[in-house]
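Under the numbering used here, the residue at position 160 of the sequence shown is numbered 1094, and the numbers go up by one with no gaps.
Here is the structure we will look at, set down as structure tokens.
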Amino acid sequence: MTVEQWHQVRAALPEVGGRFADLLTGVGDPHERALGEWSIAEAASHVGMIALMYTAMVRGDGGPLPLPGLEEPIDAASVDTISRMNALALELYPERDPVRLAARLRADIAEVLLVSADLDPEKPVWWLGGSRVPVAGVLAHLVNEMLIHGLDIAHALGRPWRVPARLEALFLELFLFGMVRNDMGHLLDDAKPSPRRIAVEFRSAYTRPAVLALQHGKLRYEEPDGTADVRLRFDPAVLVPMMFGRISRLRAALLGGVRIGGPRPWLLPAFLRTVRMP
């Protein structure tokens, strides 16, 4: 992690948060579907809940969370059970008015920035499933949540929504790679493990080359040494939405946003069956 990345992710939080809040203030029917069974209001509430929780979680001091009752579900979460935790969180965070959600989001983002200002950006803090994420990664995760769910809401409204590659690159480097370097906890415990080692190299114009190596359900971060099974060259603005199911793998390939190479590219599906986003 660099000092520049820390400044970038801190600047991105109010930038994207302001865009997301502006999007919400223009919602006509908050009950319109945005994602699966979620309405626009519920998708916005989900983002607001995360921002509120991060006002406490980013401290990493084990203090009480703003929504009592979520501590145990958060600690027990895996990629396959996060949906149940999200459903409970929506019950505990009942605000559904888009204008009030926008105002609360702006306030909570300001609090996250204030609380994290003097923290070491590389300090690992408690996250879902017993994992440990750097402070800067927590901020990058919130930026990505607003980008991804902003895309959902904008599509429902028939409006354009930018997903900048430079910001999705921060999500990959600060959050995903940062968590793998620290501790994944039991987030992948429910996935069917691959018995053989599968190493995937990630390369883009926005990120430092990195390798994620999977074996027996455990994920490791490694420096590239030319031996990776699969090599991905990608645009972060395509890869990250693909990982979250907003862009199909076929469309990502046709757009040229994800190009697959390496000596054993056929191993990528097995890798992605384990290493996936909720």
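From the three backbone atoms N, C-alpha and C, an ideal C-beta is built for every residue, glycine too.
Local Cβ density within 10 Å of residue i, reported as buried at 16 or more and exposed below that
i, result
"Trp1061", "buried"
"Thr1161", "exposed"
"Gly994", "buried"
"Ala1139", "exposed"
"Glu971", "exposed"
"Val1097", "buried"
"Asp1169", "buried"
"Arg1115", "buried"
Alpha-carbon to alpha-carbon, residue j and residue i
i, j, result
"Arg1167", "His1150", "25 Å"
"Leu1091", "Glu949", "21 Å"
"Arg1198", "Leu1206", "14 Å"
"Leu958", "His1083", "11 Å"
"Arg1038", "Arg1154", "37 Å"
"Ala1044", "Ala975", "22 Å"
"Met983", "Leu1024", "8 Å"
"Pro964", "Ala1125", "35 Å"
DSSP-derived helix/strand/coil call for residue i
i, result
"Tyr1027", "coil"
"Ala1144", "strand"
"Pro964", "coil"
"Pro1068", "strand"
"Leu1153", "strand"
"Asp956", "helix"
"Gly1195", "strand"
"Leu1121", "coil"
"Phe1111", "helix"
Cutoff 8 Å; reference residue i; Cβ partners in own chain excluding five residues on either side
i, result
"Val992", "Val1046, Val1049, Ser1050, Leu1053, Val1059, Val1069, Val1072, Leu1073"
"Ala1133", "Val1145, Leu1146, Ala1147, Leu1148, Glu1156, Thr1161, Ala1162, Asp1163, Val1164"
"Ala893", "A query on residue 893 cannot be resolved here, the shown segment of the chain reaching from 935 to 1212 and no further."
Cβ-based neighbour list, residue i, same chain, cut-off 6 Å, excluding 5 preceding and 5 following
i, result
"Ser1017", "none"
Nearest-angstrom beta carbon gap, residue j and residue i [assumed within contact, 8 Å]
i, j, result
"Met987", "Leu969", "19 Å between Cβ atoms; not a contact."
"Ala1186", "Val1172", "5 Å"
heavy atom of the ligand NAD below 7 Å from residue i C-beta
i, result
"Ala1133", "What this structure holds is no ligand at all, so the ligand NAD is not there to describe."
Cβ shell of residue i (< 7 Å), same chain only, five flanking positions each side left out
i, result
"Trp940", "Pro1055, Ala1070"
"Leu1201", "Ile1132, Asp1163, Val1164"
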